[in-house]
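Positions 83 to 752 (our numbering) are the ones given, in order, by the sequence shown.
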Amino acid sequence: MKKLRATLWLLCAAAPAVLTGGLHAQPAPAATEIYRGGPVIARRHAIPTSSEPADITLNFVNADIKDVAKTILGDYLKLNYEIAGGLTGTVTIQTSQPLTRSEVLPVLEQALRLNDMALVVTGGVYRIVPLASAAKEAGPAHARGAPGFGVEIVPVRYITAAEMAKLLESLAPTQAVVHVDPARNLLIVEGTADERQTVIDDVAQFDTDTMQGMSFELLTPTYTDAEELTRELNQVLGGLTGSASGAVRLVPIDRLNAILAISPQPRYLEQLQTWMRRLDKPGQGSDRRIFVYHVQNGRASDLAATLGKTLLGSNSQSQSSMTEQAAATPAVAAPQSENTTINTSNATAPPPPPPSAPVESASSSGGNNAMPGVNITADAVNNSLVILATPQQYATIKQALSELDITPLEVFLEAAVAEITLTDDMSYGVQFKASDAHNTVVLTDSSNTPSIGPDLPGFSYIYTNGASIQIILSAIATKTHVEVISSPKLLVLNNQPATLQVGDRVPIVTQSAVSTIGSVGTNPIVNSVEYEDTGVILKVTPRVNAGGLVQMDVAQEVSQVETTTSSTIDSPTIQERRINSSVAVQDGETVALGGLIQDSRTKTRKGIPFLQDIPILGHLFGDTINNNSRTELMVLITPHVVDSIDKARAITAELRRKMPTVQPLFERGP
């Protein structure tokens with residue numbers, strides 16, 4: 083038994099050496115809780131202490147058994163005894179030190195055992211019988227530690243009786259006999275009191291609750307398969323057959339993708355956590371998993387499309403949950419999610435149909451490309467990317483996402499459309515009318531009637547002799563100065579189209595027809611009407627580079643409704659000022675998109691032929707009309723790159739300052 087205990091001690095001492103040999107780094111705080119076991123308590127036989135005097139000395143050398151029995155059992159111990167009939171033999175007992183009364187019987191039993199005899203207690207009588215028949219005559223012991231040869235039943239609680247019997251093969255006394263009762267998990271021990279007690283003590287050493295002294299931890303890897311990580315950890319700890327396998331036991335649990343670590347020493351589990359963190363690294367596995375990337379600044383569908391083309395190759399497939407009707411929408415009707423639109427028009431037309439439902443998901447999967455088997459799906463509802471890939475592939479994709487998913491720039495655009503119209507008209511001439519009973523001579527500027535009259539407003543001098551002669555001298559001068567300025571302002575994301583529209587939707591008759599419904603002469607007229615947007619319309623798509631240069635695709639329009647004078651069609655005339663251009667300008671600089679100078683001079687003379695051509699005097703025989711018109715138009719635009727919240731606040735404050743009349747509306751609120 084001492085040899086086995088020494089061996090066990092060496093095994094336990096060797097296990098920590100294997101574990102701690104490669105774990106010199108300081109263990110980090112445990113990722114999961116360690117369930118620490120309690121101490122293992124072995125049941126030990128308590129040797130009673132006695133106050134009896136040690137005054138018995140035995141000295142028998144080849145003495146007859148009858149003499150020995152009489153001296154020890156009869157004289158010293160005062161016990162009733164008998165010797166089986168026909169039993170003979172000699173016994174040698176010598177003690178170097180005096181014995182107490184309780185120590186005498188075990189010594190006698192040992193001496194009898196050496197001479198194939200046994201001491202059996204029945205009915206209070208100590209009988210010396212042959213060893214071969216001792217078990218039958220003795221029967222089960224009535225009390226633990228009762229003197230004499232006997233049989234004791236020892237229950238086993240924590241391991242099987244068969245395993246316990248194997249453990250006792252090298253430990254139990256050679257004279258003791260151990261039988262196994264597997265049905266009731268019992269051991270039946272035959273032998274002297276000392277032999278039985280030795281077996282019972284050995285059973286108490288091994289029959290313990292080993293789980294009570296174990297510590298447990300559930301290790302959950304993030305990137306690695308639990309079964310693969312278990313093999314790697316076992317190699318680090320010395321192999322499955324090494325000494326460390328007895329100190330730490332690793333059990334992979336596939337259902338949880340976790341590892342159950344069991345060890346009698348909690349510090350081993352803390353060191354095991356350090357090794358798991360070293361081995362559980364992304365990019366090392368080959369199994370595909372699902373990763374979710376939450377987009378912070380852009381749109382998940384845009385990132386999925388970019389990654390599908392860049393990482394998965396040009397042969398990647400895209401899937402969308404858009405319906406065929408939504409997919410067939412013309413390109414000019416841009417979806418609301420793709421544009422920033424401010425519309426304050428006073429349209430009388432019925433509202434356009436609502437935009438189609440937003441795309442819920444878009445996926446790209448690769449075939450024969452640099453990343454086979456990768457699938458990227460955009461979840462538009464949560465603005466996230468769902469990526470099916472290996473950890474190594476996901477690490478590459480995540481690195482690309484860190485460069486793509488950045489805070490977008492914004493551009494604040496200030497446009498100015500200024501128009502000045504100057505008109506200088508002058509008309510002067512002479513009208514006269516002379517008539518008698520048979521003749522009438524008229525010089526007038528009116529082609530619709532032969533009568534003459536003053537031009538009002540203006541200067542007119544009228545001479546008449548009563549009825550036959552009328553002369554009117556007229557002079558009219560008209561000057562107009564019209565200034566029109568529009569200054570739309572718009573904030574838009576970088577590389578995104580935006581529209582600002584302030585104006586009216588004007589109905590225009592494009593076709594008229596007489597209905598066939600009704601009687602002749604009362605048929606209604608059916609008109610086809612289209613609506614034309616008028617007012618201030620600004621459409622722009624800015625692109626900002628790293629140096630602050632802003633490239634813009636600009637469409638600027640200023641239009642208004644005028645009365646139709648060029649035709650008899652009962653439909654308004656729309657006066658337009660429109661510019662479509664692409665320009666590049668530095669942040670904060672103003673650039674002219676275009677300008678227009680229109681100068682018109684018209685001179686008209688009407689009068690009596692030949693006489694109106696006489697120098698100086700010719701003005702008395704006709705009318706002179708001078709029309710002078712000048713129009714100046716200029717369109718300017720200034721971009722401001724907004725790359726911080728402070729700039730956005732400053733631009734908002736500046737815009738409010740420039741519009742003091744609407745400032746009280748913002749302060750009052752809705």
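Every residue, glycine too, gets a C-beta built ideally from N, C-alpha and C.
Please read these numbers as outputs of a predicted model, since none were measured by experiment.
Neighbour-count burial assignment, residue i, 16 or more Cβ in a 10 Å radius
i: proline 742; result: exposed
i: alanine 413; result: With a pLDDT of 38 at alanine 413, under the threshold of 50, the predicted position of this residue should be treated as unreliable, and no value is reported.
i: tyrosine 350; result: buried
i: serine 556; result: buried
i: arginine 209; result: buried
i: valine 238; result: buried
i: threonine 312; result: buried
i: threonine 274; result: buried
i: isoleucine 154; result: buried
i: asparagine 397; result: Annotation note: pLDDT 48 at asparagine 397 (below 50); position unreliable, coordinate value reported separately. With fewer than 16 Cβ atoms within 10 Å of its Cβ, asparagine 397 is classed as exposed.
i: aspartate 705; result: buried
i: aspartate 137; result: exposed
i: alanine 595; result: exposed
i: isoleucine 727; result: exposed
i: glutamate 492; result: buried
i: proline 303; result: buried
i: leucine 196; result: exposed
i: leucine 389; result: buried
i: glutamate 749; result: exposed
i: phenylalanine 692; result: exposed
i: valine 236; result: buried
i: serine 550; result: exposed
i: valine 207; result: exposed
i: aspartate 157; result: exposed
i: serine 215; result: exposed
DSSP bridge partner residues for residue i (one or two, in chain order)
i: serine 297; result: Ser345
i: histidine 376; result: Ser466
i: glutamine 212; result: Reading off the sequence, residue 212 comes out as proline, not glutamine. Answer by DSSP bridge pairing, in chain order: Met199.
i: aspartate 313; result: In the sequence on display, residue 313 carries arginine and not aspartate. Note: arginine 313 sits in no beta bridge, so no partner.
i: tyrosine 510; result: Ala557 and Thr706
i: glutamine 680; result: Thr713
i: alanine 500; result: Ile567 and Met716
i: glutamine 694; result: Glutamine 694 pairs with nothing; no bridge assigned.
i: leucine 269; result: Val236 and Val262
i: proline 589; result: Tyr613
i: isoleucine 165; result: Ile210
i: isoleucine 479; result: DSSP lists no partner for isoleucine 479.
i: glutamine 179; result: Beta-bridge pairing links glutamine 179 to no other residue.
i: histidine 722; result: Phe494
i: leucine 332; result: Ala343
Nearest-angstrom Cα separation, counted from residue j out to residue i
i: methionine 358; j: valine 632; result: 51 Å
i: glutamine 287; j: glutamate 134; result: 30 Å
i: leucine 86; j: alanine 471; result: The predicted position of leucine 86 is uncertain, since its pLDDT is 35 and thus under 50; a value taken from the coordinates is nonetheless stated next. Going from the Cα of leucine 86 to the Cα of alanine 471 covers about 54 Å.
i: lysine 218; j: aspartate 336; result: 56 Å
i: glutamine 578; j: proline 334; result: 52 Å
i: valine 640; j: isoleucine 733; result: 24 Å
i: asparagine 709; j: phenylalanine 494; result: 43 Å
i: proline 346; j: glutamate 352; result: 12 Å
i: isoleucine 661; j: lysine 480; result: 43 Å
i: leucine 332; j: aspartate 307; result: 14 Å
i: leucine 49; j: glutamate 671; result: With the chain covering 83 to 752 only, the question about residue 49 has no answer from this structure.
i: valine 618; j: valine 584; result: 5 Å
i: asparagine 339; j: arginine 278; result: 50 Å
i: proline 454; j: glutamate 310; result: 23 Å
i: proline 109; j: leucine 354; result: With a pLDDT of only 38 at proline 109, under 50, the local geometry of the prediction cannot be trusted, and the value read off the model is given with reservation. Spanning the two alpha carbons is a distance of roughly 9 Å.
i: alanine 462; j: threonine 604; result: 58 Å
i: leucine 213; j: asparagine 144; result: 19 Å
i: threonine 172; j: serine 252; result: 31 Å
i: lysine 740; j: valine 499; result: 17 Å
C-beta neighbour in chain D for residue i, strict 9 Å
i: asparagine 576; result: Annotation note: the requested chain D is absent from the structure, which comprises a single protein chain.
heavy atom of the ligand GDP below 8 Å from residue i C-beta
i: lysine 152; result: Ligands are entirely absent from the displayed structure, and the ligand GDP is therefore not among its contents.
Sufficient close CB pairs (3 or more, under 8 Å) joining the stretch 226-236 to the stretch 173-180
no
So, does the stretch 713-722 touch the stretch 651-670, judging by three or more C-beta pairs under 8 Å?
yes
Segment contact flag, the stretch 654-661 with the stretch 688-708, C-beta cutoff 8 Å, min 3 pairs:
no
Enumerated in chain order, which unbroken segments of the beta strand (DSSP E) with a length of 3 residues or greater are wholly contained in the stretch 616-664?
617-626 and 631-644
Starting from the N-terminal side, write out each stretch of the beta strand (DSSP E) that is 3 residues or longer and does not extend beyond the stretch 129-162.
141-146
Counting beta carbon pairs with one atom in the stretch 580-591 and one in the stretch 608-618, are three or more of them shorter than 8 Å?
yes
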